[in-house]
Amino acid sequence: MKAVRLYGIREVKIEHSSPPTLKSGWARVQVHAAGICGSDLHNFITGKWFSRLPVTPGHELFGVIAEINESESLFRVGMRVVADSRVWCGSCFFCLAGENNLCEELGFVGEVFDGGFAEEVILPLQNLLIVPDSVPDDIAVLSEPLGVALRVINQLNPSAGDTVCVAGGGTIGGLTALLLSRLKKCRVQLLEPNKQRYQLLSSVVGLSPPGTFSLAVEASGHPAALIDLLSSIRSGGRIALVGIFHHSKGLDLNKVVEKEITLIGCSVFQDEQNEALQVMASLAEDLRKLIAPPITLDELPDAYMSLISGDSHYLKTVTNQ
25 MKAVRLYGIR EVKIEHSSPP TLKSGWARVQ VHAAGICGSD LHNFITGKWF
75 SRLPVTPGHE LFGVIAEINE SESLFRVGMR VVADSRVWCG SCFFCLAGEN
125 NLCEELGFVG EVFDGGFAEE VILPLQNLLI VPDSVPDDIA VLSEPLGVAL
175 RVINQLNPSA GDTVCVAGGG TIGGLTALLL SRLKKCRVQL LEPNKQRYQL
225 LSSVVGLSPP GTFSLAVEAS GHPAALIDLL SSIRSGGRIA LVGIFHHSKG
275 LDLNKVVEKE ITLIGCSVFQ DEQNEALQVM ASLAEDLRKL IAPPITLDEL
325 PDAYMSLISG DSHYLKTVTN Q
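Numbering (the working numbering), first residue to last: 25 to 345.
Below is the structure:
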């Protein structure tokens, strides 16, 4: 079995090994597609979320169940599935309250145990979601980041006709912009320095020109972008934060106080990935335009470096096994 293995900061290797043993309550999934997430790159650069090494990354994955080690289950061999990326404890205050995304021991597929940058993967049945028949194979892998984008929107809670400024046109920012436009009927402004990516999103989403706004989404993780939003947003406005920050240099939080701005954290999702699976078929044409031509597992290490440099104007790079 071929897999991409992360050994440390900026150190990945292509390896061949025997398929892993199937545990009770787990399923073996033949991976058809796996997406590179911004958090994969962040971990590759910083090592912030190393749980164990070496490990096979990849928490955005789509595939078909090949084997199940469970006598009674809703799942069947041959079912199309995606991974719920969250690995929660089930016993802390937040898990017991149904808020698994806030679990005190929260981990992720591809960190706590091996993920989808491989020809096959074994996953707990609780981490599998059945893909509806209406969802085409080529976009199913986007259900995980689309769930994150839906979480952002649910946290921000905009109304139809609102103007929302999104900072960062990467995967989450771009998908949030698309959902704001299509599902919430909002006017969307975008702050994105990559001109090709801005043009792509403008053609797909239908962006509004820069102007005043009372709602915003910070999806870039760059302090300069949040500084811009804090300066430009109307007093009393709301900003949803979903970007991963490397540092917070230059931030003036007095702006939050003086303008009575509400900052809203957005962590992964609760049931929003299931919601994403229900709505994404209606967005298939738009979603396809945001995915780069697929790559092989052998090309993944080079793709990491290319994405870190910011060269790609697509929102998602996907391996196709």
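Cβ coordinates follow ideal geometry from the N, Cα and C atoms, glycine included.
{"Check": "Please state the DSSP three-state secondary structure of Lys279.", "Outcome": "helix"}
{"Check": "In chain order, what residues of the same chain have a beta carbon less than 8 Å from the beta carbon of Gly134, not counting five sequence neighbours either side?", "Outcome": "Asp64, Val79, Thr80, Pro81, Gly82, His83, Ser109, Gly140 and Phe141"}
{"Check": "If the criterion is Cβ atoms closer than 7 Å, does the pair Ala184 and Asn151 meet it?", "Outcome": "no"}
{"Check": "Using the Cα positions of Glu284 and Ser232, report the straight-line distance between them to the nearest angstrom.", "Outcome": "25 Å"}
{"Check": "In terms of residues, what are the limits of the alpha helix (DSSP H) holding Val172?", "Outcome": "Ser167 to Leu180"}
{"Check": "Determine, using beta-carbon pairs with one atom in the segment 316-329 and one in the segment 300-308, whether at least three such pairs fall under 8 Å.", "Outcome": "no"}
{"Check": "Quick one: residues in its chain with C-beta nearer than 7 Å to the C-beta of Val159, no 5 flanking neighbours on either side, listed in chain order?", "Outcome": "Leu301, Met304 and Ala305"}
{"Check": "Looking only at DSSP bridge pairs, what is Asn124 linked to?", "Outcome": "Answer is none; Asn124 lacks a bridge partner."}
{"Check": "Please state if the CB of Ile263 and the CB of Leu287 are separated by a distance shorter than 7 Å.", "Outcome": "yes"}
{"Check": "With DSSP collapsed to three states, give me the class of Pro81.", "Outcome": "coil"}
{"Check": "Taking 8 Å as the threshold, find out whether the segment 266-282 comes into contact with the segment 220-237 through three or more Cβ pairs.", "Outcome": "no"}
{"Check": "Please check the pair Leu314 and Lys340, which I expect to be a contact at CB under 8 Å, by giving their CB distance rounded to whole angstroms.", "Outcome": "6 Å"}
{"Check": "Can you pull the DSSP bridge partners for Pro148?", "Outcome": "Trp50"}
{"Check": "Per DSSP, what kind of secondary structure is Asn218 in: helix, strand or coil?", "Outcome": "coil"}
{"Check": "According to the Cβ coordinates, are Pro169 and Thr195 closer than 7 Å?", "Outcome": "yes"}
{"Check": "What is the residue span of the beta strand (DSSP E) that Tyr31 lies within?", "Outcome": "Lys26 to Gly32"}
{"Check": "Which word fits Pro182, buried or exposed, when buried means at least 16 other C-beta atoms lie within 10 angstroms of its C-beta?", "Outcome": "buried"}
{"Check": "Please give the ranges of any alpha helix (DSSP H) in the segment 90-124, keeping only runs that are unbroken, at least 4 residues long and fully inside the region.", "Outcome": "117-120"}
{"Check": "Considering only their Cβ atoms, is the gap separating Pro318 from Asn346 smaller than 7 Å?", "Outcome": "With the chain represented from 25 up to 345, any question about residue 346 goes unanswered, as that position is not in the structure."}
{"Check": "Cα-Cα, which of Val55, Ile251, Cys290 and Ile332 is closest to Glu143?", "Outcome": "Val55"}
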